[in-house]
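In the working numbering, the protein residues as written are 19 to 200.
No residue lacks a Cβ here, since even glycine has one placed at the ideal position from N, Cα and C.
Please read these numbers as outputs of a predicted model, since none were measured by experiment.
Worksheet: the structure to be examined is printed underneath.
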């Protein structure tokens, strides 16, 4: 049986080439982060597909306005292909042998992500890993809108990031805590 993280097929589109200059091996790092989150975030093995777009603030601001009614850029957006609020990864779809489940799309904004990394004193690579993990968990049904949801999602993020040697983004004592949830 394959490793569960190998069951996620993620297409990565580098829409803004500054990502390649800011983060060495940006496609591989992004894939590793998404697959790590997928492996921890699903409760059962299944084949899945997702897309990740490494974009800029202008692109994400357009999506943010169009789909969330909010002006301006944000660091990461996730568009789940299902309406599942259940992080058990049932997703309400029948799983057929050989037919992957479409999880959805993740978009990360270059300027916002790099600015947040600088403000937090962390590398752009580590912040990108966090945003990709965060976005992937959203596709799997996790959220942080309530304290209870955050209490479930944030420790998973910390666990996944720790396995990649990335400091806990929510630990205020580390000196690297990010000011706000992605």
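How would you label residue i, buried or exposed, when you count the other beta carbons within 10 angstroms and need 16 or more for buried?
i	result
residue 49	buried
residue 163	exposed
residue 59	buried
residue 117	exposed
residue 173	exposed
residue 134	buried
residue 85	exposed
residue 80	exposed
residue 43	exposed
residue 124	buried
residue 28	buried
residue 66	buried
residue 87	exposed
residue 169	exposed
residue 31	exposed
From the DSSP output, in three-state form, read off residue i for me.
i	result
residue 50	helix
residue 99	coil
residue 122	strand
residue 136	helix
residue 127	strand
residue 44	helix
residue 117	coil
residue 58	helix
Compute the beta-carbon to beta-carbon distance between residue i and residue j, rounded to the nearest angstrom, for a pair I have assumed lies under 8 Å.
i	j	result
residue 96	residue 122	6 Å
residue 166	residue 176	Not a contact, Cβ separation roughly 17 Å.
residue 57	residue 151	Between residue 151 and residue 57 the Cβ distance is about 11 Å, and since that is not below 8 Å, they are no contact.
residue 40	residue 126	With a Cβ gap of about 11 Å, residue 40 and residue 126 do not count as contacting.
residue 52	residue 70	6 Å
Start and end of the beta strand (DSSP E) containing residue i?
i	result
residue 178	That residue, residue 178, is in no beta strand (DSSP E); its alpha helix (DSSP H) goes 165-181.
residue 190	Segment: none, residue 190 is in no beta strand (DSSP E) and carries neither H nor E.
residue 68	66-73
residue 89	Segment: none, residue 89 is in no beta strand (DSSP E) and carries neither H nor E.
residue 27	26-32
What residue range does the alpha helix (DSSP H) around residue i cover?
i	result
residue 150	142-157
How about the region 139-155 and the region 173-184: do they share at least three Cβ pairs that are nearer than 8 Å? yes
Counting beta carbon pairs with one atom in the region 150-169 and one in the region 31-46, are three or more of them shorter than 8 Å? no
Does the region 86-96 come within contact of the region 69-78, defined as at least 3 CB pairs closer than 8 Å? Touching, yes.
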